[in-house]
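Scroll down for the structure; my scribbles are underneath it.
Numbering (full-length UniProt numbering), first residue to last: 1 to 297.
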């Protein structure tokens, strides 16, 4: 890999020549020389320097974005070549949206590492939009996203369905009803994820499908906070069966009986290249094995 790009990425992320030199086990003058050579090659300055910090200018932001993609591609190429002669092993960068990442992925990883201990997974959890963007930039080897996700530059493979239920605290007025109507639901305060989240998209689609538009909605940034808030009686929410299994068993949440529910959505595998390392192929085999049966429970 071009060492100029490696040095540039380190300086951009550390915002300091000395800290970048320390991370790269190089001298500070050597780091400065690499940066000057890269700027000469590009034909313009890439960094704004002061006595206190170093930051990217507009040109630097462009170079940094593509440098990350180039280094990601180089790493992926090296792993694929290594795979030709080696066992299933090595680093594997996995991204997952919150529901899958927090409630399913740990079981997948545990089962895989039990048989393939030489695989070195690293996990990034984020909303569907952010995970897809990281895969597109080759910062992640694979992403697992929620909902009917589409992207013309990524390969998307639906592999499981996720059942989603409207839940409330056991003491909520709607919890004791034999049947809850859309009109009942429209009057309630809804607790939802942020825009860009697969769980939020599912909630928006579900509300549209039953023809209601609640006026009272609160946005929270994680499923765990949403569950705690629903348990505390702040409102109701649409959540994955995977995310609420423990709470249903403990009786701290209850499913509201609504016609046409549960609402279902897809889990999809997202990749940016048809070439897969042994580690990635192994991981994907465990993803479908571990998640598919339970996703529709």
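Idealized CB from N, CA, C, for every residue including glycine.
| Opposite residue 165 in the DSSP bridges: which residues? | 239
| Just curious, the alpha helix (DSSP H) that residue 14 is in, first and last residue? | 3 to 14
| said: In the DSSP output, what is residue 92 paired with across the bridge? | reply: 121
| Option in 169, 148, 153, 167 with minimal Cα separation from residue 159 | 148
| task | Determine which residues share a DSSP beta bridge with residue 266 and list them. | result | 161
| query | For residue 141, does the count of other Cβ atoms within 10 angstroms reach 16, so buried, or fall short, so exposed? | reply | With 16 or more neighbouring CB atoms inside 10 Å of its own CB, residue 141 falls in the buried class.
| Rounded separation between residue 103 and residue 130 - CA only | 19 Å
| query | Are there 16 or more other CB atoms within 10 angstroms of the CB of residue 297, so buried, or fewer, so exposed? | reply | Bear in mind that a pLDDT of 41 at residue 297, under 50, signals an unreliable position, so the model cannot answer this.
| message | Bridge partners for residue 217 per DSSP, in chain order? | response | 190
| field | Alpha-carbon to alpha-carbon, residue 34 and residue 22 | value | Cα-Cα distance, rounded: 15 Å.
| field | Segment limits, beta strand (DSSP E) that includes residue 49 | value | 47 to 49
| field | Contact the stretch 117 to 128 vs the stretch 68 to 76: 3+ CB pairs below 8 Å | value | no
| query | Does DSSP classify residue 153 as helix, strand or coil? | reply | coil
| task | Pull up the DSSP beta-bridge partners for residue 55, would you. | result | 48
| query | So, are the CB atoms of residue 90 and residue 124 less than 8 Å apart? | reply | no
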